[in-house]
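Protein sequences, first through last, are from chains W and E.
Take 0 as the starting number for the first sequence in my numbering and just add one per residue.
Take 995 as the starting number for the second sequence in my numbering and just add one per residue.
C-beta: ideal position from N, C-alpha, C; glycine also.
Model, not experiment: these values are computed from the prediction.
Here the structure is laid out as structure tokens; the discussion comes afterwards.
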Amino acid sequence: MNALALNTLEADARLLTPRRALAAYLTEIRFEFMRLLRNPALAAPVVLVPLALYLLFAVVIWGDAVAKDPGTAIFFFSAFSVMAVTMPALFSISASLAMEREMGLMRLKRAQPAPPGSWLVAKIVCGVAFCLLSYLPMLAAAIWAGTLPLDAGQIVSMSLALMVGCIPFCALGLMMGALVKGSAAPGYANLIYLPGCYLSGMFFPLKESMYWQAPLWPQFYVNQLAMQAAGITKPYFIPLQMAIGALLGFTVLFSAVAIWRLARKG
Amino acid sequence: MNDSDSRLHALDAVRGFALLLGVAFHASLSFMPGWPPGIWSIVDNSPSQFLSDAGFVSHIFRMSLFFFIAGFFGRLLFHKLGARGFWSNRAKRILVPLIVGWVILLPAIFFVWNMGMTKMFGGTPPAPPQPPPGWFPLTHLWFLYELLLLYVAVIALRALVVHFDGAQKLRNLIDALVVNSIRMRIAVFTLGIPVAGALMTLPFWFYWQGIPTPDSSLIPQVPATVGFGTAFIFGWLVNRSTTALDAITRGWFVHLALGIVATGWLLHTMHATPMAQPGLTKTLFALVFGVAVWGWVLGLTGAALRFLSNYSATRRYIADASYWIYLAHLPVVAALAVWVGRWPLHWGIKYPFILVMSFAVLFLSYHFLVRPTFIGKLLNGRKYPRRQPPQGPATPSAPTTPIAPIGSGPVAQLRSITKKFGTTTALTGVDIELRPGELLALLGPNGAGKTTAINLWLGLIEADAGEVTLLGGSPLDIERRRGLGVMMQDVEMYKELRVRELITLSSSYYTQPLAVDETLRRAGITALADRPYGKLSGGQKRQAQFAVAICGRPRVLFLDEPTVGLDIQAREALWTNVRQLLAEGCSIVLTTHYLEEAEALATRVAVLAKGRVIASGSVQEMRALVARRQINCETTLSVEQVRGWAGVTDATRDRTRLNIIAADAEAVVRRLLTEDPALRRLEVREAGLAEAFAELTKEAA
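What follows is the structure in structure tokens.
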């Protein structure tokens, strides 16, 4: 065999076939899930907090108002479900990525020929699944308590909107995890996340003088998207495309920073 | 040489900049205050005076800059390919994109405009005005049409000159004029005169539009032909000259400053009267406009030559992408403008949004649909395989370097590598190569640069200078890295996963991995297979990492201090494994503190200290280095006498004592005693490997 033929053969042998590439992605996702499941201590609070808060506020404290006004009921459900889908995405991903960077694992993965997108996709898929894990109990509780005056179609479209809405938070988690040291990641994530919950007008209606800053927070758009998917256009609405556009923009921005940073520093 | 690579990089960057600036320009058009509907796809509800001014400024020079560079490259190509080759090349790169692009883009543009009008007028847009006779929507592709006309005109002109100017007199005169006018900084003023003349004759001239865009007729328009033709011809002439580019480089600051001052005056005047009235102001505006055009063109080109002439993979990529991006951008940008046109947001949010989204879409489409396909080959002359970073400047048109076959040349190489971290230099001018089937031991104290060398080979960091190759190419290519296995220092793996799972995960990255059980068996950790990694001892973790390193049947294995923390048994087992891999033809780089490890395994040894290779050679050579002994005595014999003796490698004297380095110490001592019976205080010392290296590394420090 001449040298050229050998070269081509060798080069071909090192291209991952689509099937093997898919298998690599699936393996990465499978083990990411396993790690999540073997770490219930991390999962439990993130799942339970939004559920507990929702039951406390929407059922126990303001149960009467919720029963009287469907708008209020949906406002509450929307607010806490946004929290339920965004919190796990942000916190689990930022913490795990920051830890992995500190352990040197990201360096190892870069050196090993891990497909460049596989860990990213695995983290996002697990982030979305984690959000579902935290959202579904809340949805079940709301239906059981009768505090969600929506028909089945609206519930489905709202749930889908929420699942879409958690993706920019997965990206934000990647960005935080890529920028911050392991132990500091949850702290910094809180620093960004908590003000956003209040200032986006998600939990209580904002004063008009505060409107200008609401569009700065990704939560605002997720909430608007979820409300519109449920057919609610008040309070303060923005066009549907604008919400989708903004969420897309946030996702592109956050993941770009994360990828840029990881490609440089690992 | 005026077509040296470095200059072409800079000029390519300038052309890319001019084209991408066009995208930014078109993205701003929906925000123009006072524009009637229909000129652009939509009139945004948040107009911006700032974007209007910025658009005007960019519009002054961006197309002239493009045609200037096009003229330069036009002549370069003409002389490189000959007339026939030139026309066939231009047909592929310019004519085909013009025709195909127009056929595809025109319906898209009409569709977007219609969408915008429907959105603005709530479903019933007014009928478009009757087009004037001779109207032909060339769209933004007019520049390709103009370029083709200019090629024809200039090459015809060239034929005339060549025919009548047999003695080169005219051409020498022109060359002298070109260079001297740039050197004396008067080119900025003279080059603007033709276009100023053409603009002055325009009956209706909105200052903002600058040179009116010839995008709606196939008949050449006077101002555009004169303005862009001047730029094109001047670019062509600059390419003729050997020194014109130097003059442009040196004049970058003055030219740019002139351009900026002239632009300031234009903006000021335009704010007072946006539409030209016959009279002095119009004449003055046209003349200053010419100065602004050429100030920017020569200033930006000079600045690029001055600051961007080194090769940069990123700039190369962007320059390659810019042609496609400019061709395809218009419907994308206009559609985004329509999409955001009614959002109740400030232009300061919407304009960046349009820009970011357009560039995201256009770069992604370039990366996946153009760069690796026939479209990229058509537009840029070559296609790049996906996931393959562009080759360096040394081999601009070479095909992908194949992975080196077994048995030929080094499998991994560092060539005159320098790497700094901030102010500390980790490696200086290091040359190391790993030959097929050998084990190279890198020895050296902490901080010597061993791990940096390995990280370069793994593609984790890039060298500041020098070349890194792995399996015949850059380690940044994932295909090359599929041939390596690695055991790094200070890496912890997922503690929740079992050893078997970790190996399964890593195996999935390779094309032909070992079966997981086989990997476990070979690493000797079958018993640990189902233990979570977090519950393993330090030594067991290293063994699991070794298993991960070998699971992909690597051709090259990097082991960074693999036996730290292992007990004697585990270390022996690992050595046996390493020997087996070597026997199978795997090439290995091993860093270690343990000299006995190097002695037991290495084919060759390289000693690093303070970022330099201070000794390297086969194990035998290193043994010879160790076998030398040092003889030390007080004697009357001279250095010169002793140096000539058999068995003496070197001799030096300090005051009363003679120091001899000897390969055969016994023979030398015998002769010393015979020749100088008065010899006193004889000492013979034998240095171990450890001592030899300690000595070596101390010398380096």
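Contact check, residue i vs residue j, beta carbons under 8 Å
i                  : j                  : result
Trp1230 of chain E : Arg1409 of chain E : no
Phe1066 of chain E : Leu1005 of chain E : yes
Ile1455 of chain E : Lys1413 of chain E : yes
Thr1629 of chain E : Leu1568 of chain E : no
Ala184 of chain W  : Ser93 of chain W   : yes
Phe1362 of chain E : Trp1451 of chain E : no
Pro194 of chain W  : Phe249 of chain W  : no
Ser1316 of chain E : Gly1010 of chain E : yes
Val1148 of chain E : Phe1226 of chain E : yes
Ala1322 of chain E : Ser1035 of chain E : no
Pro1091 of chain E : Leu1138 of chain E : yes
Under 8 Å by beta carbon: chain W residues contacting residue i
i                  : result
Met1487 of chain E : Met102, Leu104, Leu107
Glu1495 of chain E : Phe30, Met33
Asp1484 of chain E : Gly103
Nearest-angstrom Cβ-Cβ length linking residue i and residue j, presumed shorter than 8 Å
i                  : j                  : result
Val1216 of chain E : Ile1205 of chain E : At roughly 10 Å, the Cβ-Cβ gap does not stay under 8 Å, so Val1216 of chain E and Ile1205 of chain E are not in contact.
Ser1502 of chain E : Ala22 of chain W   : 6 Å
Ala1286 of chain E : Ile1063 of chain E : Ala1286 of chain E to Ile1063 of chain E, Cβ: 18 Å. No contact.
Val1017 of chain E : Val1327 of chain E : 6 Å
Asp1484 of chain E : Gly103 of chain W  : 5 Å
Ser1040 of chain E : Trp1341 of chain E : 4 Å
Val221 of chain W  : Thr71 of chain W   : The pair is not a contact, with the Cβ atoms about 19 Å apart (cut-off 8 Å).
Pro87 of chain W   : Ser133 of chain W  : 5 Å
Ile1519 of chain E : Val1493 of chain E : 6 Å
Ala1241 of chain E : Val1173 of chain E : 6 Å
Ala1442 of chain E : Ala1609 of chain E : About 12 Å separates the two Cβ atoms, so there is no contact after all.
Interface residues of chain W facing residue i [CB-CB closer than 9 Å]
i                  : result
Leu1491 of chain E : Phe30, Met33, Arg34, Arg37
Val1480 of chain E : Leu107, Ala110, Gln111
Ile1472 of chain E : Arg13, Leu15, Pro112, Ala113, Pro114, Pro115
Phe1347 of chain E : Gly244, Ala245, Gly248
Chain E within 8 Å of residue i, Cβ atoms only
i                 : result
Leu47 of chain W  : no
Pro244 of chain W : One detail in the question is off: residue 244 of chain W reads as Gly in this sequence, not Pro. Closer than 8 Å: yes.
Pro238 of chain W : yes
Leu224 of chain W : no
Residues of its chain near residue i, where Cβ-Cβ distance is below 7 Å and the 5 sequence neighbours each way are ignored
i                  : result
Trp1129 of chain E : Ser1210, Ser1211
Arg1697 of chain E : Here chain E covers residues 995 to 1695 and nothing more, so residue 1697 of chain E does not appear.
Leu1252 of chain E : Val1182, Val1285, Gly1289
Phe1080 of chain E : Leu1071, Phe1072
Contacts of residue i in chain E (Cβ-Cβ under 9 Å)
i                 : result
Val251 of chain W : Val1350, Met1351, Ala1354
Arg18 of chain W  : What Arg18 of chain W touches in chain E: nothing, since even the nearest Cβ is about 11 Å away.
Minimum Cβ-Cβ distance from residue i to chain W less than 8 Å
i                  : result
Leu1452 of chain E : yes
Trp1639 of chain E : no
Ser1391 of chain E : A caution first: Ser1391 of chain E carries a pLDDT of 34, below 50, which makes its placement in the model unreliable, though a value can still be read off. No - not a single Cβ of chain W is within 8 Å of the one on Ser1391 of chain E.
Leu1676 of chain E : no
Trp1333 of chain E : yes
Asp1038 of chain E : no
Gln1385 of chain E : Any reading at Gln1385 of chain E must be qualified, since the residue scores a pLDDT of 41, below 50, and its modelled position is unreliable; no value is offered.
Gln1382 of chain E : Per-residue confidence for Gln1382 of chain E stands at a pLDDT of 42, beneath the threshold of 50, marking its modelled position as unreliable; the derived number appears in the next sentence. With 8 Å as the cut-off, Gln1382 of chain E does not count as an interface residue toward chain W.
7 Å Cβ cut-off: residues of chain E touching residue i
i                 : result
Thr26 of chain W  : Thr1498, Leu1499, Ser1502
Met241 of chain W : Trp1337
Neighbourhood of residue i by C-beta, 8 Å cutoff - its chain only, sequence neighbours within 5 removed
i                  : result
Gln1043 of chain E : Pro1027
Thr1367 of chain E : Lys1377
Glu1555 of chain E : Gln1483, Thr1585, Thr1586, His1587
Chain-order list of residues whose beta-carbon lies under 6 Å from that of residue i (same chain, five-residue window excluded)
i                  : result
Ser199 of chain W  : Ala213, Trp216, Gln218, Phe219
Ala228 of chain W  : Ser156, Met157, Ala160
Leu1679 of chain E : Strictly speaking, residue 1679 of chain E in this sequence is Arg, with Leu absent from that position. So the list reads Gln1624, once near-sequence residues are dropped.
Ala1398 of chain E : Residue placement at Ala1398 of chain E is poorly supported in this model, since its pLDDT is 36, which falls under 50; the coordinates still yield a value, given next. If we look at Ala1398 of chain E and ignore the five residues flanking it on each side, its Cβ neighbours are Leu1465, Gly1466.
Glu31 of chain W   : Ala121, Cys125
8 Å Cβ cut-off: residues of chain E touching residue i
i                : result
Ala23 of chain W : Ser1502, Tyr1503
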